[in-house]
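Report on one structure; see the data block that follows.
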Amino acid sequence: MLYIILLLVVAVVGWSYIDKAKARVRRVNQAKALKKLSVMEKEGTLYQVPYPSWMTNRSQLEKFAAIVQGATDRAGVPNSFFIEMFSNINDRTRLMLLAGMMEKNNSSFNEQSRSVADTIIGCWSRRSMHS
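First residue of the sequence shown: 3, per my numbering; consecutive thereafter.
Now the structure itself:
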């Protein structure tokens, strides 16, 4: 019995460590993608960034929106701000280019979704600090 409990504790600790490592890698990939997009925007070469391959697939796009909206909801971002970001063509384009750049750098669909959510959460945080 003690052996089983010890095994479960080790599994939980290991799983937690793996989750934290994945989050760190995603944040590093996100930071690199955002930096690259910023440089490309200054150079006028944003048009070279591919949109994510799943963008024209309606069910994938709906899944993406659900993941992003769920993450922003949990972070306390008002739904109106989420809608505002996706209604603004410039904001939506930047968010999709971020997902495309992440995909280009081999990030998974979930990592792309979470990175877009993190970007929206960051925008909301900056806006609410200045209000």
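By construction, the Cβ of each residue, glycine as well, lies at the ideal position given by its N, Cα and C atoms. If you're wondering where the values come from, they're calculated on a predicted model, not measured in any experiment.
Can you list, in chain order, the residues of its chain whose CB lies under 6 Å from that of residue i, leaving out five sequence neighbours each side?
| i | result |
| --- | --- |
| residue 51 | 99, 102, 103 |
If you follow the alpha helix (DSSP H) that residue i is part of, which residue opens it and which one closes it?
| i | result |
| --- | --- |
| residue 131 | 111 to 131 |
| residue 61 | 60 to 76 |
| residue 57 | Counting along the chain, residue 57 falls outside any alpha helix (DSSP H), and DSSP gives it neither H nor E. |
| residue 104 | 91 to 106 |
Could you tell me how far apart the beta carbons of residue i and residue j are, in whole angstroms, since I believe they sit closer than 8 Å?
| i | j | result |
| --- | --- | --- |
| residue 67 | residue 116 | With 8 Å as the limit, residue 67 and residue 116 do not qualify as a contact, their Cβ atoms being about 13 Å apart. |
Between which residues of its own chain and residue i is the CB-CB distance below 8 Å, once the five residues before and five after are set aside?
| i | result |
| --- | --- |
| residue 39 | 48, 51, 96, 99, 100, 103 |
| residue 112 | 69 |
| residue 107 | 31, 34, 35 |
| residue 63 | 56, 57 |
By Cβ distance, which residues of its chain are closer than 7 Å to residue i, with the 5 residues on each side in sequence left out?
| i | result |
| --- | --- |
| residue 118 | 70, 97, 100, 101 |
| residue 22 | none |
| residue 126 | 79, 83 |
| residue 114 | 54, 101, 104, 105 |
Determine, using beta-carbon pairs with one atom in the stretch 78 to 90 and one in the stretch 31 to 47, whether at least three such pairs fall under 8 Å.
-> no
Spell out a yes or no on whether the stretch 22 to 39 and the stretch 64 to 83 are touching, meaning 3 or more CB-CB pairs, one atom from each, closer than 8 Å.
-> no
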